[in-house]
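In my numbering, the protein residues as written are 12 to 571.
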């Protein structure tokens with residue numbers, strides 16, 4: 012490929028010093044003459060979902076070499092949201108998405124790669140890498156590390172990380188002993204992979220497959236399965252074909268392919284974090300994607316799966332039932348899948364769905380379109396006086412008792428204060444825990460609120476208490492957890508004006524979230540409002556707070 016990007020870096024008389032440095036890597040002249048493929052590997056010894064990624068990187072490199080390319084690996088950072096949860100570490104999780112994207116762009120542009128293979132798995136690595144993929148627009152494939160298997164506490168008793176978070180509340184409520192809690196703690200996460208339910212990491216890996224930038228099986232094949240290694244080899248081979256055919260990410264990520272991903276999101280009951288990440292990824296692709304598309308598609312795409320935390324099934328069950336191709340084939344019966352979209356297989360979505368593998372093998376896991384869990388999708392977007400720009404709820408994980416309800420505000424200025432009140436038994440049925448100044452700018456960092464929501468569920472209040480925040484939730488959250496309330500408190504949003512005892516009206520079917528306080532009283536409160544001073548000792552978060560946009564826009568950096 013004499014016209015390849017890397018040729019401009021390694022060919023010609025004046026590039027002799029460059030070749031000298033490539034020789035220093037141990038490359039032969041023949042390897043230099045081949046296309047250079049960057050292998051972006053998020054492996055580390057901190058994140059359980061990433062501890063095995065070196066094995067997949069070796070498989071990807073084997074695939075690239077088999078197809079005639081020269082792979083060159085470089086790293087990406089990764090934060091484990093579970094380990095970072097419920098302390099100041101969580102402030103750094105969402106910002107890491109932007110740093111992942113920026114650092115990959117720096118490496119790819121500085122070293123003139125011809126193509127890229129991305130190896131993420133958990134939390135912000137998937138959207139961060141996808142943002143970089145769109146920005147660079149080089150022939151690319153994403154191959155994730157795959158989901159963890161669930162833990163086992165006995166016959167028909169599967170557990171996962173969310174079981175442990177909820178067990179903290181159960182222990183405080185006196186339902187289990189400390190020994191039982193510790194036994195579950197040891198068993199819940201049996202090995203490598205992204206935590207076993209439909210949490211954020213697995214949600215985004217499934218949507219990468221649905222949108223077409225990852226191969227079929229990417230979202231669901233377990234981390235420990237040999238099929239995951241074979242898929243990694245295929246990813247390495249496929250990227251060379253995409254390079255040969257000049258098929259690039261912006262040929263794949265279009266309004267129609269994004270709509271496909273949102274439809275799958277609704278069918279699976281994915282994490283509410285997808286409402287942050289898909290708009291950010293689409294923005295990098297030059298597409299405008301607001302919260303509205305999630306609600307529009309939700310009204311057309313039924314909820315076909317209930318995986319943990321919404322139900323008893325796990326990612327391995329979804330894989331055994333046919334995976335994402337089976338879900339898409341079921342949705343296609345409603346005519347809501349755009350089948351002419353290109354994918355990294357080199358074929359269209361329609362061609363992929365007719366290859367004989369896109370069929371449902373277990374109707375207990377993937378329901379038929381005429382027998383859905385609900386006629387609407389897993390996520391709903393609420394608007395009203397409390398959230399003029401919108402708020403997000405995983406309606407597939409909300410108890411029927413909480414779908415329409417008036418609740419009494421219990422106001423907290425931080426997650427820590429709310430957590431103490433919950434565990435100390437100060438939150439009662441009919442309350443709404445309101446946690447504010449935890450948005451992208453106000454946090455800063457927009458922390459996840461898994462610990463308080465899990466504690467509410469574990470203490471038996473999941474059907475009687477709501478949690479409302481301008482922060483966000485883990486994909487493992489269930490219950491009436493309404494996040495991303497925009498504008499956030501730090502931007503003067505109405506959530507900053509809520510006072511203890513105010514009535515808040517929740518109507519998820521009606522898509523409304525209203526603070527039942529008249530306009531004149533709100534104006535009086537606004538005139539008295541004094542924003543709390545939040546000292547942030549970390550330069551990286553101070554810079555983030557100055558650059559980040561609203562959660563309603565995906566929490567991307569503002570254009571500067």
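Think of the CB as a built atom: it goes at the ideal place given N, C-alpha and C, for glycine as much as any other residue.
Enumerate in chain order the residues of its own chain whose CB-to-CB distance from residue i is below 8 Å, with the five nearest sequence positions on each side excluded.
i, result
"residue 163", "169, 170, 198 and 201"
"residue 581", "Past the boundaries of the shown model lies residue 581; the chain is included only from 12 to 571, so the question cannot be answered."
"residue 363", "227, 336, 354, 356 and 369"
"residue 410", "473, 474, 490 and 491"
"residue 189", "182"
Can you name, in chain order, every residue of its own chain whose Cβ lies under 7 Å from the Cβ of residue i, other than the five neighbours on each side?
i, result
"residue 175", "195, 196 and 199"
"residue 55", "61 and 89"
"residue 234", "63, 156, 157, 158, 159, 203 and 204"
"residue 30", "21 and 43"
"residue 187", "178 and 181"
"residue 138", "108, 215, 288, 291 and 292"
"residue 136", "53, 87, 89 and 111"
"residue 115", "51, 87, 140 and 143"
"residue 96", "459, 461 and 462"
Nearest to residue i by alpha carbon, out of the options?
i, options, result
"residue 544", "424, 478 and 497", "424"
"residue 535", "507, 562, 219 and 329", "507"
"residue 446", "500, 258 and 183", "500"
"residue 286", "483, 75, 258 and 44", "483"
"residue 249", "454, 42 and 80", "80"
"residue 412", "388, 474 and 78", "474"
"residue 566", "290, 521 and 231", "290"
"residue 93", "78, 134 and 532", "134"
"residue 393", "539, 495 and 144", "495"
"residue 339", "264, 221 and 325", "221"
"residue 256", "150, 325, 307 and 407", "150"
"residue 277", "167, 398, 390 and 307", "390"
"residue 346", "284, 267, 97 and 542", "267"
"residue 272", "349, 232 and 327", "349"
"residue 477", "537, 435 and 408", "408"
"residue 471", "459, 461, 436 and 450", "436"
"residue 554", "464, 568, 541 and 312", "568"
"residue 48", "259, 261 and 82", "82"
"residue 621", "96, 540 and 378", "With the chain covering 12 to 571 only, the question about residue 621 has no answer from this structure."
"residue 374", "400, 331 and 388", "331"
"residue 488", "509, 469, 481 and 465", "465"
"residue 372", "28, 531, 329 and 510", "329"
Assuming residue i is part of the beta strand (DSSP E), what are its boundary residues?
i, result
"residue 287", "Residue 287 -> not in any beta strand (DSSP E); alpha helix (DSSP H) instead, spanning 285-295."
"residue 417", "415-423"
"residue 5", "This structure leaves residue 5 out entirely; the chain is present only between 12 and 571."
"residue 126", "126-130"
"residue 66", "Premise fails: residue 66 lies in the alpha helix (DSSP H), 64-77, not in any beta strand (DSSP E)."
"residue 403", "401-405"
"residue 390", "390-393"
"residue 492", "491-497"
Indicate, with yes or no, if the ligand GTP has a heavy atom lying under 7 Å from the CB of residue i.
i, result
"residue 162", "The ligand GTP is not among the ligands present in this structure, which contains no ligands whatsoever."
First and last residue of the alpha helix (DSSP H) that includes residue i?
i, result
"residue 261", "260-263"
"residue 464", "461-469"
"residue 581", "Here the chain covers residues 12 to 571 and nothing more, so residue 581 does not appear."
"residue 360", "360-364"
"residue 266", "266-279"
"residue 510", "It is not in any alpha helix (DSSP H) - residue 510 carries neither H nor E in the DSSP assignment."
Run through the DSSP bridge pairs and tell me what residue i is partnered with.
i, result
"residue 526", "515"
"residue 86", "52"
"residue 568", "559"
"residue 324", "318"
"residue 446", "423 and 480"
"residue 205", "158"
"residue 151", "127"
"residue 385", "314"
"residue 20", "Beta-bridge pairing links residue 20 to no other residue."
"residue 169", "163"
"residue 225", "153"
For residue i, which residues of its own chain have a beta-carbon under 6 Å away from its beta-carbon, when the five flanking residues on both sides are left out?
i, result
"residue 504", "498"
"residue 493", "402, 404 and 479"
"residue 556", "452 and 455"
"residue 12", "Any reading at residue 12 must be qualified, since the residue scores a pLDDT of 44, below 50, and its modelled position is unreliable; the value itself is stated next. Cβ neighbours of residue 12 beyond the five flanking positions: 46."
"residue 406", "391 and 519"
"residue 417", "514 and 516"
"residue 225", "153 and 219"
When you compare the CB of residue i with every CB in chain C, is at least one pair closer than 8 Å?
i, result
"residue 230", "As a matter of chain content, chain C is missing from the structure shown, which is built from one protein chain."
Determine, using beta-carbon pairs with one atom in the segment 435-451 and one in the segment 410-427, whether at least three such pairs fall under 8 Å.
yes
Taking contact to mean at least 3 C-beta pairs separated by less than 8 Å, is the segment 315-331 in contact with the segment 207-221?
yes
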